[in-house]
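Asker: So for the sequence shown, our numbering puts the first residue at 5; every next one is plus one.
By construction, the Cβ of each residue, glycine as well, lies at the ideal position given by its N, Cα and C atoms.
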Amino acid sequence: MSLNHKVLTYNNIRVEISGFETEGGVTEYHAMLHIVKTNKSFLEQLESIHCAYSHLLSELGENIKPVFKRYFLTDAANQSKLLESFLTDCPQCAVSVVQQSPLDGSKIALWVYFLSDVKIKNYNKSTIVEHNGYRHIWTAGRQISQPDSYAQTELLLQEYVDDLKKEGCTLENDCVRTWFFVQNIDTNYAGLVQARRKIFKEHGLNKHSHFIASTGIEGRDAASDIYVLFDAYAIKGLQQGQQKFLYAPTHLNPTHEYGVTFERGVCIKYGDRNHTIISGTASIDNRGEIVASGDIIGQTHRMIENVETLLAEAGATFEDVMHLIIYLRDIADYSTVNALFKERFETIPQVVVLAPVCRPGWLIELECMAVTKNQNPQFDVL
Numbered sequence: 005m006s007l008n009h010k011v012l013t014y015n016n017i018r019v020e021i022s023g024f025e026t027e028g029g030v031t032e033y034h035a036m037l038h039i040v041k042t043n044k045s046f047l048e049q050l051e052s053i054h055c056a057y058s059h060l061l062s063e064l065g066e067n068i069k070p071v072f073k074r075y076f077l078t079d080a081a082n083q084s085k086l087l088e089s090f091l092t093d094c095p096q097c098a099v100s101v102v103q104q105s106p107l108d109g110s111k112i113a114l115w116v117y118f119l120s121d122v123k124i125k126n127y128n129k130s131t132i133v134e135h136n137g138y139r140h141i142w143t144a145g146r147q148i149s150q151p152d153s154y155a156q157t158e159l160l161l162q163e164y165v166d167d168l169k170k171e172g173c174t175l176e177n178d179c180v181r182t183w184f185f186v187q188n189i190d191t192n193y194a195g196l197v198q199a200r201r202k203i204f205k206e207h208g209l210n211k212h213s214h215f216i217a218s219t220g221i222e223g224r225d226a227a228s229d230i231y232v233l234f235d236a237y238a239i240k241g242l243q244q245g246q247q248k249f250l251y252a253p254t255h256l257n258p259t260h261e262y263g264v265t266f267e268r269g270v271c272i273k274y275g276d277r278n279h280t281i282i283s284g285t286a287s288i289d290n291r292g293e294i295v296a297s298g299d300i301i302g303q304t305h306r307m308i309e310n311v312e313t314l315l316a317e318a319g320a321t322f323e324d325v326m327h328l329i330i331y332l333r334d335i336a337d338y339s340t341v342n343a344l345f346k347e348r349f350e351t352i353p354q355v356v357v358l359a360p361v362c363r364p365g366w367l368i369e370l371e372c373m374a375v376t377k378n379q380n381p382q383f384d385v386l
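The following block contains the structure:
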């Protein structure tokens with residue numbers, strides 16, 4: 005078994021990559037691709053990213069396949085059309101494209117998740133991975149034109165429920181992770197929250213059962229009338245007790261206490277490893293109050309402490325983290341935050357993007373995923 009982090013360089017691209025493998029289970033990789041020379045045009049940067057991506061695929065080997073990609077752009081309205089011409093690479097996978105500007109001065113960054121030795125099929129903006137009795141369904145880039153964020157969220161979730169049903173899945177039993185990217189979040193987040201609460205209630209998701217790990221954050225599509233973009237991850241084949249929801253009550257309060265419906269995190273147990281998925285987490289205490297109001301350094305430290313506590317509840321630490329995504333409200337805080345993260349988490353693949361959090365007082369938010377080796381003989385290996 006090994007968990008390792010390394011950095012590769014392909015011409016103008018820095019590739020941060022983490023890998024995990026066990027005997028008998030799949031190998032998985034998370035990679036973050038960053039532009040080094042940021043004074044190039046978007047098309048030049050895009051070509052460099054895809055050249056490096058091709059090199060990385062070749063180096064990883066033909067049995068390694070991409071499962072999920074997310075492109076972070078600075079100007080989706082102008083850049084998405086150029087990107088489309090590059091999305092015909094083979095093999096293809098679920099692709100998420102969101103305007104969340106990388107704050108290193110580049111016009112584009114890329115996160116990719118890879119798995120080895122799996123069967124993959126693609127349909128309707130989803131990648132379906134089948135292995136060892138599990139069916140992993142990665143869904144990306146869902147959007148729908150409706151008058152407001154409430155109507156868009158309601159219909160997006162209804163259609164997602166219908167698609168899950170076609171795969172023998174349900175929202176309440178099989179969806180383990182969602183992302184909601186909201187244009188102008190200070191205005192449109194309330195509609196998302198109300199519609200999600202309605203759909204969840206219809207499917208028995210409530211404070212007495214459970215919710216779903218999630219990130220709700222600023223992000224936008226190329227089209228100005230799209231207020232909500234939706235990505236998700238579901239797993240068919242999980243048994244009773246295979247999911248453990250994370251609460252960290254010493255540091256965080258239940259989300260329903262301030263009117264939202266998501267889990268702080270979830271640990272998914274396989275026969276050979278645990279996956280710990282941490283939702284978007286900010287500087288908050290167990291009364292639901294903002295910690296270190298107006299202080300980016302104080303908020304960053306509290307946010308990291310909150311995530312660390314959630315990880316510990318799952319038997320993980322930051323040494324087990326495969327990737328980090330850091331969201332900032334104010335571009336002026338980038339140099340401070342980047343220095344803090346590079347000092348403490350230099351080897352973990354990460355990206356810092358411009359994306360206001362759902363409450364204006366929160367200056368920063370963090371999400372991540374960790375993998376730990378574990379023996380869970382009652383469950384199949386990944």
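How many Å lie between methionine 5 and lysine 73 at the Cα?
Answerer: The residue labelled residue 5 in the question sits at position 1 within the sequence shown. The residue labelled residue 73 in the question sits at position 69 within the sequence shown. Low local confidence applies: a pLDDT of 45 at methionine 5 is under 50, so the model's placement there is unreliable, with the coordinate-based value given in what follows. So the alpha carbons of these two residues sit roughly 25 Å apart.
Asker: Check the C-beta distance from alanine 318 over to asparagine 278 and give it rounded, since I have them as a contact under 8 Å.
Answerer: Within the sequence shown, the letter at position 314 stands for residue 318. Within the sequence shown, the letter at position 274 stands for residue 278. Yes, alanine 318 and asparagine 278 are in contact; Cβ-Cβ is about 6 Å, under 8 Å.
Asker: Would you identify the three-state DSSP class for histidine 305, choosing helix, strand or coil?
Answerer: Taking the sequence shown and counting its residues from 1, one reaches residue 305 at position 301. If DSSP states are grouped into helix, strand and coil, histidine 305 belongs with the helices.
Asker: Quick check: what's the CA-CA separation for glutamine 354 versus isoleucine 294?
Answerer: Start at 1 with the first residue of the sequence shown, and residue 354 comes out as number 350. Start at 1 with the first residue of the sequence shown, and residue 294 comes out as number 290. Between glutamine 354 and isoleucine 294, the alpha-carbon positions lie close to 24 Å from each other.
Asker: Considering lysine 44, what are the terminal residues of the beta strand (DSSP E) in which it resides?
Answerer: Position 40 of the sequence shown holds residue 44. Counting along the chain, lysine 44 falls outside any beta strand (DSSP E), and DSSP gives it neither H nor E.
Asker: Can you tell me where the alpha helix (DSSP H) with glutamine 162 in it begins and where it stops?
Answerer: Walking along the sequence shown from the start, residue 162 turns up at place 158. Here the alpha helix (DSSP H) through glutamine 162 covers 153 to 170.
Asker: Does the distance from the CB of phenylalanine 204 to the CB of threonine 265 come in under 8 Å?
Answerer: The count along the sequence shown starts at 1 and reaches residue 204 at position 200. The count along the sequence shown starts at 1 and reaches residue 265 at position 261. Cβ atoms of phenylalanine 204 and threonine 265: closer than 8 Å.
Asker: In this structure, how does DSSP classify alanine 343 when only helix, strand and coil are distinguished?
Answerer: For this step, residue 343 is matched to residue 339 along the sequence shown. Here alanine 343 sits in helix by DSSP.
Asker: For leucine 161, tell me which candidate among Gly23, Leu233, Leu256 has the shortest Cα-Cα distance.
Answerer: Stepping through the sequence shown from its first residue, residue 161 is reached at position 157. Nearest C-alpha to leucine 161: Leu233.
Asker: Under 7 Å Cβ to Cβ from alanine 144, same chain only, skipping five residues before and after it: list those, please.
Answerer: For the purposes of this step, residue 144 is taken as residue 140 along the sequence shown, with counting starting at 1. The answer, listed in chain order, is Phe72, Ala98, Val99, Ser100, Lys129, Asp235.
Asker: Does the region 301 to 311 come close enough to the region 337 to 347 to have 3 or more Cβ pairs within less than 8 Å?
Answerer: yes
Asker: What are the boundary residues of the alpha helix (DSSP H) that includes tyrosine 193?
Answerer: Along the sequence shown, read from residue 1 onward, the residue named residue 193 stands at position 189. 189 to 206 is the span of the alpha helix (DSSP H), which, as asked, contains tyrosine 193.
Asker: Just the Cα atoms here: how many angstroms apart are histidine 140 and threonine 376?
Answerer: Counted from its first residue, the sequence shown places residue 140 at position 136. Counted from its first residue, the sequence shown places residue 376 at position 372. Near 19 Å, if we compare the C-alpha coordinates of threonine 376 and histidine 140.
Asker: Quick test of the definition: if touching needs 3 or more C-beta pairs under 8 Å, does the region 269 to 286 touch the region 241 to 251?
Answerer: yes
Asker: Isoleucine 132 and cysteine 362 - do their beta-carbons sit closer together than 8 Å?
Answerer: Here residue 362 refers to the residue found at position 358 when the sequence shown is read from its first residue. Here residue 132 refers to the residue found at position 128 when the sequence shown is read from its first residue. Not closer than 8 Å, so no.
Asker: Under three-state DSSP, which class holds asparagine 128?
Answerer: By 1-based counting over the sequence shown, the position of residue 128 is 124. Three-state result, asparagine 128: coil.
Asker: Quick one: what's got a C-beta closer than 6 Å to alanine 217's C-beta in the same chain, skipping five residues either side?
Answerer: Taking the first residue of the sequence shown as position 1, residue 217 is located at position 213. If we look at alanine 217 and ignore the five residues flanking it on each side, its Cβ neighbours are Arg181, Glu267, Gly269, Val270, Ile281, Ser283.
Asker: Who are the Cβ neighbours of glutamate 32 in its own chain at under 6 Å, not counting the five residues just before and after it?
Answerer: Start at 1 with the first residue of the sequence shown, and residue 32 comes out as number 28. Within the same chain, glutamate 32 has close Cβ partners Phe24, Leu119.
Asker: Going along the chain, which residues of its own chain have a beta-carbon closer than 8 Å to the beta-carbon of glutamine 379, five neighbours each way excluded?
Answerer: Your numbering for residue 379 matches position 375 in the sequence shown. Cβ within range, chain order: Gly275, Asp276.
Asker: Under the rule that 16 or more other beta-carbon atoms within 10 Å means buried, what is proline 360, buried or exposed?
Answerer: By one-based count along the sequence shown, residue 360 stands at place 356. Buried, because 16 or more other Cβ atoms sit within 10 Å of the Cβ of proline 360.
Asker: Contact between the region 78 to 96 and the region 323 to 330: three or more CB pairs below 8 Å?
Answerer: Contact fails between the region 78 to 96 and the region 323 to 330, because fewer than three Cβ pairs, one in each stretch, are under 8 Å apart.
Asker: Less than 8 Å between the beta carbons of arginine 224 and phenylalanine 184, yes or no?
Answerer: Within the sequence shown, numbered from 1, the residue matching residue 224 stands at position 220. Within the sequence shown, numbered from 1, the residue matching residue 184 stands at position 180. The answer is no: Cβ separation not under 8 Å.
Asker: Put asparagine 8 into one of helix, strand or coil per three-state DSSP.
Answerer: Numbered from its first residue, the sequence shown carries residue 8 at position 4. Strand at asparagine 8.
Asker: Would you identify the three-state DSSP class for glutamine 247, choosing helix, strand or coil?
Answerer: Locating residue 247 in the sequence shown gives position 243, where the first residue counts as 1. In the structure shown, glutamine 247 sits in a strand (DSSP, three-state: E or B).
Asker: Where do the N-terminal and C-terminal ends of the alpha helix (DSSP H) with leucine 367 fall, by residue?
Answerer: The residue labelled residue 367 in the question sits at position 363 within the sequence shown. Note, leucine 367: premise wrong, no alpha helix (DSSP H); not H, not E.
Asker: Does lysine 69 pass the burial test, meaning 16 or more other C-beta atoms within 10 Å, or should it be called exposed?
Answerer: Looking up residue 69 in the sequence shown gives position 65. Buried, because 16 or more other Cβ atoms sit within 10 Å of the Cβ of lysine 69.
Asker: Give the straight-line distance between the Cα atoms of glutamate 51 and histidine 59, rounded to the nearest whole angstrom.
Answerer: One-based indexing of the sequence shown puts residue 51 at position 47. One-based indexing of the sequence shown puts residue 59 at position 55. The straight-line gap from Cα to Cα measures roughly 12 Å.
Asker: Leaving out the 5 sequence neighbours to the left and right, which residues in its chain are closer than 7 Å to glutamine 104 when beta-carbon positions are compared?
Answerer: Taking the first residue of the sequence shown as position 1, residue 104 is located at position 100. For glutamine 104, same chain residues with a beta-carbon under 7 Å away, outside a window of 5 residues either side, are Phe76, Gly223, Val357, Leu358, Ala359 in chain order.
Asker: CB leucine 314 to CB threonine 285, shorter than 8 Å?
Answerer: In the sequence shown, counting from the first residue as 1, residue 314 sits at position 310. In the sequence shown, counting from the first residue as 1, residue 285 sits at position 281. Yes.
Asker: Assuming phenylalanine 288 and asparagine 310 are in contact, meaning their beta carbons sit under 8 Å apart, how far apart are those beta carbons, in whole angstroms?
Answerer: Walking along the sequence shown from the start, residue 288 turns up at place 284. Walking along the sequence shown from the start, residue 310 turns up at place 306. First, the amino acid is wrong: residue 288 is isoleucine here, not phenylalanine. Their Cβ separation, rounded to whole angstroms, is 7 Å, which keeps isoleucine 288 and asparagine 310 in contact under 8 Å.
Asker: Grab the span of the alpha helix (DSSP H) containing glutamine 83 for me, first residue to last.
Answerer: As a working note, residue 83 is residue 79 in the sequence shown. Its alpha helix (DSSP H) spans residues 80 to 88.
Asker: Leaving aside the five residues before and after asparagine 16 along the sequence, list all residues of the same chain whose C-beta is less than 6 Å from its C-beta, in chain order.
Answerer: Stepping through the sequence shown from its first residue, residue 16 is reached at position 12. Same-chain partners within the cutoff: Val40, Lys41, Ser52.
Asker: So which of Asp178, Gly292, Ala336, Gln147 has the shortest CA-CA distance to serine 261?
Answerer: Here residue 261 refers to the residue found at position 257 when the sequence shown is read from its first residue. Residue identity check: residue 261 is glutamate in the sequence provided, not serine. Comparing Cα positions, the closest option is Gly292.
Asker: According to DSSP, what are the bridge partners of serine 218?
Answerer: Taking the first residue of the sequence shown as position 1, residue 218 is located at position 214. For serine 218, which the question treats as bridged, DSSP gives the partners Thr182.
Asker: Can you tell me whether DSSP reads serine 283 as helix, strand or coil?
Answerer: Here residue 283 corresponds to residue number 279 of the sequence shown, with the count starting at 1. Looking at serine 283 - three-state DSSP - the assignment turns out to be strand.
Asker: Measure the Cβ-Cβ separation of leucine 168 and leucine 159 and say whether it is below 8 Å.
Answerer: On the sequence shown, residue 168 is found 164 positions in, with the first residue counted as 1. On the sequence shown, residue 159 is found 155 positions in, with the first residue counted as 1. No; because the gap between Cβ atoms is not below 8 Å, this pair is not in contact.
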